[in-house]
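Chemist:
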Amino acid sequence: MHVMIINGSPRVKQYSNTDKILEKFTAGMSENGTTFEQYEISDRKQWDKIREAFDKNENILIALPLYVECIPGLLMEFLESLTPKKDDSKIAFILQSGFAEGIQLRCGESYLKMLAGRLGCRYAGTLVKGDNFGIRLLEGAQREKITDPYTEMGREFAVKGDFSSDECRKFTGPEVFPPFVRAVLGLVFMTVAKRSFKKAAASWGCTRPLDYRPYN
Amino acid sequence: MILIVNSTFDDQISKEVSAAALERELDIEVIEAAPLKISHCIGCNHCWLKTPGECSVKDDYEIILKKVIHADQMWVISDTALGFIDHKGKNIFDRILPICTMYLKFKGDQMRHVMRYDKKTDIGLIITGEADRDYLKRWSERAALNFGSRSLGVFNRNEIKEAVSCM
Ligand SMILES: Cc1cc2nc3c(=O)[nH]c(=O)nc-3n(C[C@H](O)[C@H](O)[C@H](O)COP(=O)(O)O)c2cc1C
């Protein structure tokens, strides 16, 4: 199988969490001979080439970050410029997000199901996973703890050609956290998480409190 | 104040909204966004971690951002594409991120960001052309959750009276 992959993130490749996810995913996917070509929506210079590849390829995978409950505006702009296909092409998606619970991504997932049809393709499922915000802020082993599991999903995808397997569905994790976990996480948000966000901000040269109101 | 952001080039729609709102003596402000320079969100996260509350993309979106934090409602008039609002309409929502802070909390059983300002802005949609309306209703309810507010509904271009009755 040959897969055409589009990174639908508006963030430049170097900083894109989707890119780091795809790195691990494609490593697993390619183990047994599956080949791929990859493009970035964030780079407008590639758009003509991506359109051409979309027309030519039958196995398409769009990986994207959730943006306000659906697809990013920039990806929408690109997709609006495509001519819907009339062949038997398949399209699958990797939908990843910041918030951690599965329920946060379901509205976006529903759109992707509809989108496949609107693009004239068969829907080959969506790999749904939250809790990816940290990828960009972390390095080394901490980052790999988040990204490594995608390698196994790449292997699954290479075998099935879609995301319909139980393993892929389970990959999402809990739809919502049980009350006890929420209580603990609530405390973490007010302490450890707050500190680590402030630290990240300081390392970016931020000199203001993170809840600063510039327009009041 | 009710903010109307027209992301389509058809200013007839916002004129009809204004006229109907005037009849009801509503306090509205209209921004014709289509001729403005409004980029997509580039996902740089500066509005959360580098210049809190300020967008690094210096374009006309700042006009909207400065208004929305005082608005009780924001109605976006949008063209549609691929069953959804088109990219111009979606960019209006993506670029709103500076009104949230990086900080997290649980609201009900789900994670949310802590809002930067006290004002909660409900959102409504007026759409032109064909789209999956049931999906858009669901989407606008989810989107509103992220801004700590409610969805006021999704209306077609020929249902301006109905939309304004929900303002
Ligand atoms: C404008 C914008 C809107 C976002 N909306 C959501 C959202 O609704 N839900 C969510 O869980 N994460 C949301 N996120 C977080 C991203 O999905 C997440 O950080 C993702 O890992 C970014 O991937 P990328 O680096 O490849 O762009 C949003 C991020 C941005 C910049």
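Going down the list, the sequences are from chains W and Y.
If you're matching positions, the first sequence starts at 1 in my numbering and goes up one per residue.
If you're matching positions, the second sequence starts at 1001 in my numbering and goes up one per residue.
From the three backbone atoms N, C-alpha and C, an ideal C-beta is built for every residue, glycine too.
#1: Leaving out the 5 sequence neighbours to the left and right, which residues in its chain are closer than 7 Å to R11 (chain W) when beta-carbon positions are compared?
#2: I want to verify the contact list: residues of chain Y whose CB lies under 9 Å from the CB of E101 (chain W), in sequence order.
#3: Give a yes or no on whether the C-beta atoms belonging to Q96 (chain W) and L61 (chain W) are separated by under 9 Å.
#4: For K13 (chain W), I'd like the list of residues in its chain whose CB is within less than 8 Å of its CB, leaving aside the five on either flank, ordered along the chain.
#5: Work out the CA separation of G1124 (chain Y) and D1072 (chain Y) for me, nearest whole Å.
#6: Note down, one range per segment and in chain order, each alpha helix (DSSP H) of at least 4 residues found wholly within the segment 1012 to 1079 of chain Y.
#7: Count the other CB atoms within 10 Å of the CB of R1095 (chain Y); is the residue buried (16 or more) or exposed (fewer)?
#8: Does the distance between the C-beta of G186 (chain W) and the nearest non-hydrogen atom of ligand 1 fall short of 8 Å?
#9: So if DSSP puts Y1103 (chain Y) in a beta bridge, which residue, or which two residues, is it bridged to?
#10: Run the proximity test for T126 (chain W): is its beta-carbon closer than 8 Å to any non-hydrogen atom belonging to ligand 1?
#11: G1129 (chain Y) CB to nearest chain W CB: under 9 Å?
#12: May I have all residues whose beta carbon comes closer than 5 Å to any heavy atom of ligand 1, sorted in chain order?
#13: E109 (chain W) to R122 (chain W), Cα distance in whole Å?
#14: Report the residue from W:K24, W:E77, W:K90, W:P72 whose alpha carbon sits nearest the alpha carbon of V3 (chain W).
#15: Does the segment 1073 to 1089 of chain Y come close enough to the segment 1105 to 1114 of chain Y that 3 or more CB-CB pairs lie under 8 Å?
#16: For my contact list, F163 (chain W) and A92 (chain W) are in at a C-beta cut-off of 8 Å; report their separation, rounded to the angstrom.
#17: Within 9 Å (strictly less), CB to CB, does G1043 (chain Y) reach chain W?
#18: If you drop the 5 nearest sequence neighbours on each side, which residues of the same chain put their C-beta closer than 6 Å to that of N57 (chain W)?
#19: Kindly identify the DSSP beta-bridge partner or partners of M1111 (chain Y).
#20: How far does the beta strand (DSSP E) with T126 (chain W) in it reach, from first residue to last?
#21: Name the residue from Y:L1136, Y:G1053, Y:I1069, Y:E1159 whose alpha carbon lies nearest to the alpha carbon of P209 (chain W).
#22: Between A141 (chain W) and chain Y, is there a C-beta pair that is closer than 9 Å?
#23: In this structure, does DSSP put Y15 (chain W) in helix, strand or coil?
#24: Under the three-state reduction of DSSP, which class applies to N1146 (chain Y): helix, strand or coil?
#25: Let me check understanding here. Comparing Cα to Cα, which of W:K129, W:L82, W:G73 lies closest to A116 (chain W)?
#26: Roughly how many angstroms lie between the CA atoms of I21 (chain W) and I103 (chain W), to the nearest whole one?
#27: Decide if A183 (chain W) is buried, meaning its Cβ has at least 16 other Cβ atoms within 10 Å, or exposed.
#28: Against chain W, with Cβ distances strictly below 9 Å, would P1052 (chain Y) count as a contact?
#29: Flag this pair as yes or no: are the beta carbons of V1017 (chain Y) and W1075 (chain Y) separated by less than 9 Å?
#30: Less than 8 Å between the CB atoms is what I'm expecting for I1077 (chain Y) and I1004 (chain Y), so what's the real figure, rounded?
Modeler: Once the coordinates are examined:
#1: By one-based count along the first sequence, residue 11 (chain W) stands at place 11. Answer for R11 (chain W): S42, listed in chain order.
#2: For the purposes of this step, residue 101 (chain W) is identified with residue 101 of the first sequence, where counting begins at 1. Chain Y residues near E101 (chain W): D1109, Q1110, M1111.
#3: Numbered from 1 along the first sequence, position 96 holds the residue referred to as residue 96 (chain W). Numbered from 1 along the first sequence, position 61 holds the residue referred to as residue 61 (chain W). No, the Cβ-Cβ distance between Q96 (chain W) and L61 (chain W) is not below 9 Å.
#4: Within the first sequence, numbered from 1, the residue matching residue 13 (chain W) stands at position 13. Excluding residues within five positions, the ones whose Cβ falls inside 8 Å are N7, D19, E40, S42, D43.
#5: On the second sequence, residue 1072 (chain Y) is found 72 positions in, with the first residue counted as 1. On the second sequence, residue 1124 (chain Y) is found 124 positions in, with the first residue counted as 1. Note on geometry: alpha-carbon atoms of D1072 (chain Y) and G1124 (chain Y) lie some 11 Å from one another.
#6: Here the runs fully enclosed are 1046 to 1049, 1061 to 1068.
#7: Counting from 1 along the second sequence, the entry for residue 1095 (chain Y) is found at position 95. Per the 10 Å Cβ criterion, buried.
#8: Here residue 186 (chain W) refers to the residue found at position 186 when the first sequence is read from its first residue. Checking the Cβ of G186 (chain W) against ligand 1 gives no.
#9: Mapped onto the second sequence, residue 1103 (chain Y) falls at position 103. According to DSSP, which records beta bridges pairwise, Y1103 (chain Y) is partnered with nothing at all.
#10: For the purposes of this step, residue 126 (chain W) is taken as the residue at position 126 of the first sequence. Incorrect: T126 (chain W) has no Cβ contact closer than 8 Å to ligand 1.
#11: Against the second sequence, residue 1129 (chain Y) aligns to sequence position 129. Taking CB atoms only, G1129 (chain Y) has no neighbour in chain W less than 9 Å away.
#12: Cβ-based neighbours of ligand 1 within the cut-off: W:S9, W:R11, W:S16, W:N17, W:T18, W:P65, W:L66, W:Y67, W:V68, W:E69, W:S97, W:G98, W:F99, W:Q104, W:N132, W:F133, Y:C1041, Y:G1043, Y:D1094, Y:L1097.
#13: For the purposes of this step, residue 109 (chain W) is taken as the residue at position 109 of the first sequence. For the purposes of this step, residue 122 (chain W) is taken as the residue at position 122 of the first sequence. One C-alpha to the other measures close to 15 Å.
#14: Residue 3 (chain W) sits at position 3 when you count from the first residue of the first sequence. Checking every option, the nearest Cα to that of V3 (chain W) belongs to W:K90.
#15: Contact between the segment 1105 to 1114 of chain Y and the segment 1073 to 1089 of chain Y is absent: fewer than three C-beta pairs spanning the two stretches fall below 8 Å.
#16: Residue 163 (chain W) sits at position 163 when you count from the first residue of the first sequence. Residue 92 (chain W) sits at position 92 when you count from the first residue of the first sequence. The pair is a contact, with the Cβ atoms about 6 Å apart (cut-off 8 Å).
#17: As a first step, residue 1043 (chain Y) must be located in the second sequence, where it is residue number 43. G1043 (chain Y) counts as touching chain W.
#18: Counting from 1 along the first sequence, the entry for residue 57 (chain W) is found at position 57. A distance below 6 Å between beta-carbons, with the five flanking residues on each side excluded, links N57 (chain W) to the following residues of its chain, in chain order: M4.
#19: On the second sequence, position 111 is the one that residue 1111 (chain Y) refers to. According to DSSP, M1111 (chain Y) bridges with Y:F1106.
#20: By 1-based counting over the first sequence, the position of residue 126 (chain W) is 126. Where T126 (chain W) is concerned, the enclosing beta strand (DSSP E) stretches over 122 to 129.
#21: On the first sequence, residue 209 (chain W) is found 209 positions in, with the first residue counted as 1. The shortest C-alpha to C-alpha distance from P209 (chain W) to any of Y:L1136, Y:G1053, Y:I1069, Y:E1159 is the one to Y:G1053.
#22: Looking up residue 141 (chain W) in the first sequence gives position 141. No, A141 (chain W) does not count as interfacial toward chain Y.
#23: Here residue 15 (chain W) refers to the residue found at position 15 when the first sequence is read from its first residue. Helix, per DSSP.
#24: For the purposes of this step, residue 1146 (chain Y) is taken as residue 146 along the second sequence, with counting starting at 1. The DSSP-derived three-state label of N1146 (chain Y) is helix.
#25: Looking up residue 116 (chain W) in the first sequence gives position 116. Residue W:L82 is the option with its Cα nearest to A116 (chain W).
#26: Your numbering for residue 21 (chain W) matches position 21 in the first sequence. Your numbering for residue 103 (chain W) matches position 103 in the first sequence. Approximately 20 Å, taken between the alpha carbons.
#27: Position 183 of the first sequence holds residue 183 (chain W). Residue burial is scored here from C-beta neighbours: A183 (chain W) has fewer than 16 other C-beta atoms within 10 angstroms and is therefore classed as exposed.
#28: The sequence position of residue 1052 (chain Y) within the second sequence is 52, counting from 1. Yes, P1052 (chain Y) lies at the interface with chain W (some Cβ there is under 9 Å from its Cβ).
#29: What you label residue 1017 (chain Y) is simply residue 17 of the second sequence in a count that begins at 1. What you label residue 1075 (chain Y) is simply residue 75 of the second sequence in a count that begins at 1. V1017 (chain Y) places its beta carbon less than 9 Å from that of W1075 (chain Y).
#30: Taking the second sequence and counting its residues from 1, the one referred to as residue 1077 (chain Y) is at position 77. Taking the second sequence and counting its residues from 1, the one referred to as residue 1004 (chain Y) is at position 4. Yes, they are in contact, since the Cβ atoms of I1077 (chain Y) and I1004 (chain Y) sit about 7 Å apart, within 8 Å.
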